[in-house]
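**Q** Below is the structure I would like to discuss, written out as structure tokens.
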Amino acid sequence: MRLISSFIGVTLLVVAASSQATGLATCDSGNPNTWQPQEKLEAMLKERGWQIRRIKIDGGCYEVYALNEKGERVEAYFHPLTLAAVPTSRSR
11 MRLISSFIGV TLLVVAASSQ ATGLATCDSG NPNTWQPQEK LEAMLKERGW
61 QIRRIKIDGG CYEVYALNEK GERVEAYFHP LTLAAVPTSR SR
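In terms of this note's numbering, the sequence shown opens at residue 11 and continues consecutively.
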């Protein structure tokens, strides 16, 4: 019985940890209905010469996978209300 309880506890911890954001950036962005559309962010970045591969939501931010104007792979975060770049734990 003790083994089953331990297994269930470990399973719950793994599931909880896997459902969390990556922790690289967090945005206090409020209700998603007030966010600017991802298409606007994509257009803004394309004007800068970026090639967008994927945009998703992570930690309340827009997470962008792209190639920048130099052709370098980029993983960047943007605040969904302002579309301003959000510093990450990697960029500090």
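Heads up, the beta-carbon is just placed ideally off N, CA and C, and yes, glycines get one too.
By the 10 Å Cβ neighbour count, where 16 or more other Cβ atoms means buried, how is residue 90 classified, buried or exposed?
**A** It counts as buried.
**Q** What do you get for residue 73, buried or exposed, if any count of 16 or more other CB atoms within 10 angstroms of its CB means buried?
**A** By the neighbour-count rule (16 or more Cβ atoms within 10 Å), residue 73 is buried.
**Q** With C-beta atoms as the reference, is residue 65 less than 8 Å away from residue 77?
**A** No, they are not a contact pair.
**Q** Taking the straight line between their C-alpha atoms, what separation do you get for residue 40 and residue 79?
**A** Taking the straight line from one Cα to the other gives about 31 Å.
**Q** The beta strand (DSSP E) with residue 61 in it runs from where to where?
**A** First-last of the beta strand (DSSP E) with residue 61: 61-68.
**Q** On the CB-based measure, 16 or more other CB atoms within 10 Å of its CB, does residue 94 come out buried or exposed?
**A** Result: exposed.
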